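There are 2 protein chains.
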Amino acid sequence: MELKRAEQIADSLEQLVFQGKYEDGQRLDEIKLATHFSVSRTPIREALQRLVMSGMAEQIPRRGVFVRQPGPVELLEMFETMAELEAACGRFAAARMTDDGLVRLADANDRCRSAVEREDASGYYLENETFHQEIYRGATNAHLESEALRLQNRLKPYRRVQLRVRGRMTQSLAEHDEIIDALKAGDAQRAADLLRSHVTVQGERFQQLMAGLKN
Amino acid sequence: MELKRAEQIADSLEQLVFQGKYEDGQRLDEIKLATHFSVSRTPIREALQRLVMSGMAEQIPRRGVFVRQPGPVELLEMFETMAELEAACGRFAAARMTDDGLVRLADANDRCRSAVEREDASGYYLENETFHQEIYRGATNAHLESEALRLQNRLKPYRRVQLRVRGRMTQSLAEHDEIIDALKAGDAQRAADLLRSHVTVQGERFQQLMAGLKN
DNA sequence: AATTATTATCTTGTATACAAGAATATTGAC
DNA sequence: GTCAATATTCTTGTATACAAGATAATAATT
Numbered sequence: 004m005e006l007k008r009a010e011q012i013a014d015s016l017e018q019l020v021f022q023g024k025y026e027d028g029q030r031l032d033e034i035k036l037a038t039h040f041s042v043s044r045t046p047i048r049e050a051l052q053r054l055v056m057s058g059m060a061e062q063i064p065r066r067g068v069f070v071r072q073p074g075p076v077e078l079l080e081m082f083e084t085m086a087e088l089e090a091a092c093g094r095f096a097a098a099r100m101t102d103d104g105l106v107r108l109a110d111a112n113d114r115c116r117s118a119v120e121r122e123d124a125s126g127y128y129l130e131n132e133t134f135h136q137e138i139y140r141g142a143t144n145a146h147l148e149s150e151a152l153r154l155q156n157r158l159k160p161y162r163r164v165q166l167r168v169r170g171r172m173t174q175s176l177a178e179h180d181e182i183i184d185a186l187k188a189g190d191a192q193r194a195a196d197l198l199r200s201h202v203t204v205q206g207e208r209f210q211q212l213m214a215g216l217k218n
Numbered sequence: 004m005e006l007k008r009a010e011q012i013a014d015s016l017e018q019l020v021f022q023g024k025y026e027d028g029q030r031l032d033e034i035k036l037a038t039h040f041s042v043s044r045t046p047i048r049e050a051l052q053r054l055v056m057s058g059m060a061e062q063i064p065r066r067g068v069f070v071r072q073p074g075p076v077e078l079l080e081m082f083e084t085m086a087e088l089e090a091a092c093g094r095f096a097a098a099r100m101t102d103d104g105l106v107r108l109a110d111a112n113d114r115c116r117s118a119v120e121r122e123d124a125s126g127y128y129l130e131n132e133t134f135h136q137e138i139y140r141g142a143t144n145a146h147l148e149s150e151a152l153r154l155q156n157r158l159k160p161y162r163r164v165q166l167r168v169r170g171r172m173t174q175s176l177a178e179h180d181e182i183i184d185a186l187k188a189g190d191a192q193r194a195a196d197l198l199r200s201h202v203t204v205q206g207e208r209f210q211q212l213m214a215g216l217k218n
């Protein structure tokens, strides 16, 4: 299925905004973007709309669209929401996950473990993502799964920073083991609670890190 | 703040799709819509994109956009997700809701009660919505609140049907009282559990109703 | 007659042209 | 010199024109 140009541009712009190439409040000039991507304004406008809808930019009528990098408060709110979504996925997964899914989850965690042993932070980052996605999938609720994926993707660049905290990776791994236990046991409440705090900690660590950078 | 034409059209189209004016799988013809709204294809295309992004339509490249009315399975999934979002809101609201918010919540519930006494189903429908929105607001997490509002809005037309079940309104009202109690007591777990089942029941009743209509 | 190949038509996607509101610059008054 | 009013320029929003892929229709071959 061929992507149309506008969608490619939307993806590129998302990446650029994610990577912090544009700072908060900056106006995304249609004409400049058009010349940059060597297209007309039409596909650019389509891409900009997508950014606005996904919350990464704000549109002020007759004035343009402006990138909206989330501030500390909004980030904490998003991590809180993520924690609750993951808890919900865990709750359902405990009751519904198939043996097959549990195997995939354990595999992902094994790859996490070997990444920690190799001290491969970016490998861990990647496999950790898969681990969580297996839980979303295990919830057996396509709508909830896609919502979780959406927010996970939105928080991607911020989770990355957070991994640098010393000792976080091994701690995270231990929590994964507990989560797997709870899911295998079919303990919905425990799985939900573990996942909630697992993600909440991420958010709090991130906050500490950001506060530290300001000093 | 003046809305641009494209946004007005997007809202109109949303309403039309909500009201079931278009059936599932129907193609939304750009030209027909353009002539219908007396505009060019440009604002129509913008509106269609919004529909696609909000999940109310599907876009197939070079083929067009097609309305996507959720089937029974997807609806149940959305109600399940709603239940979890509301539970999350309740959890936070129990800890964070202000006295002011609690008063607004009680007021909304009083208006629900008087609507029940008047046997005013559509009044109840409206005030019930406000009741839940006060809880979202009480969570004191703008991101979670907006996510909850988004899904609440998406489920609007389906909740409406569900109120016709005999005795549901008084039952719902009793549950509201319990929820208020839990929130006043600051009991996060109980508030979450009550809200979860309160909404889950809605989804199940809706399912039963739909199954009944098919016979 | 049925099936495939080719052509014609229709629809989406992109580029360009035009209209209208917003920002900026220039000019005039105090 | 500062402030205000007007004019100019710039940018977004909409309309139209064009390009290319998809569907439908017709013709040709077996």
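Which chain is which? The protein sequence lines are A and S, in order.
Taking our numbering, the leading residue of the first sequence gets 4, the next gets one more, and so forth.
Taking our numbering, the leading residue of the second sequence gets 4, the next gets one more, and so forth.
Ideal Cβ placement from N, Cα and C applies to all residues, glycine included.
Remember, predicted model here, so these are calculated numbers, not experimental data.
Per DSSP, Gly170 of chain A has no beta bridge partner at all. Taking one beta carbon from each stretch, the stretch 144 to 157 of chain S and the stretch 69 to 87 of chain A have 3 or more pairs nearer than 8 Å; the two touch. Between Glu137 of chain S and Leu108 of chain S, the gap from beta carbon to beta carbon is short of 9 Å. The Cβ atoms of Leu19 of chain A and Met81 of chain A lie no closer than 9 Å to each other.
With distances taken between CA atoms, Gln11 of chain S lies nearest to S:Val42 out of S:Ile34, S:Val42, S:Lys24.
Only exposed fits Pro160 of chain A, as fewer than 16 other CB atoms lie within 10 angstroms of its CB.
Closest in alpha carbon position to Arg171 of chain S, among S:Gly206, S:Thr101, S:Gly23, S:Gly141, is S:Gly206. In this structure, Lys187 of chain S lies near Leu105 of chain S, with their beta-carbon atoms less than 9 Å apart. The three-state reading of DSSP puts Ala96 of chain A in helix, counting H, G and I together.
In summary, the residues of the stretch 121 to 155 of chain S whose CB is separated from some CB of chain A by less than 8 Å are Asn144, Ala145, His146, Leu147, Glu150, in the order they occur in the chain. Interface flag for Gln11 of chain A against chain S is unset, since no Cβ pair is found closer than 9 Å. Between Ser125 of chain S and Tyr139 of chain A, the alpha-carbon positions lie close to 36 Å from each other. Apart from sequence neighbours up to five positions away, the residues of its chain that approach Glu61 of chain S with a beta-carbon distance below 6 Å are Phe69, Arg71, ordered along the chain. Proximity of the stretch 182 to 198 of chain S to the stretch 87 to 100 of chain S meets the contact definition, three or more beta-carbon pairs being nearer than 8 Å. The Cβ of Gln52 of chain A sits closer than 9 Å to at least one Cβ of chain S. Ranked by Cα distance from Ser149 of chain A, the options A:Gln210, A:Lys24, A:Met85, A:Arg8 are led by A:Met85. For the stretch 87 to 113 of chain A, residues whose beta-carbon sits nearer than 7 Å to a beta-carbon of chain S comprise Glu87, Ala91. CA-CA distance, Gly141 of chain S to Cys92 of chain S, rounds to 7 Å. Nearest to Ser175 of chain S by C-alpha distance, out of S:Asp184, S:Glu26, S:Met56, S:Val119, is S:Val119. Thr84 of chain A reaches chain S at Leu88, Ala91, Asn144, His146, Leu147, Glu150, counting residues in chain order whose Cβ is nearer than 9 Å. Annotation for Glu61 of chain S: the continuous beta strand (DSSP E) segment containing it runs 60 to 63. Among the residues of chain S, those whose CB is under 7 Å from the CB of Lys7 of chain A are Pro64, following chain order.
With a 10 Å radius around the Cβ and a threshold of 16 neighbouring Cβ atoms, Pro46 of chain A comes out buried. Within chain A, the residues whose beta carbon sits less than 8 Å from that of Glu80 of chain S are Asn144, Ala145, His146, Leu147, listed in sequence order. Taking the Cα positions, Glu178 of chain S is about 20 Å away from Leu158 of chain S. For Phe69 of chain A, DSSP records a beta bridge to A:Arg30, A:Glu61.
By the CB criterion at 9 Å, Arg8 of chain S and Gln52 of chain A fall outside the cutoff. Excluding the 5 residues flanking it on each side, Gln210 of chain S has same chain C-beta neighbours closer than 7 Å at Pro75, Leu79, in chain order.
Nearest C-alpha to Phe134 of chain S among S:Thr203, S:Ala195, S:Asn112: S:Asn112. If you draw a straight line from the Cα of Arg199 of chain A to the Cα of Glu122 of chain A, it comes to about 26 Å.
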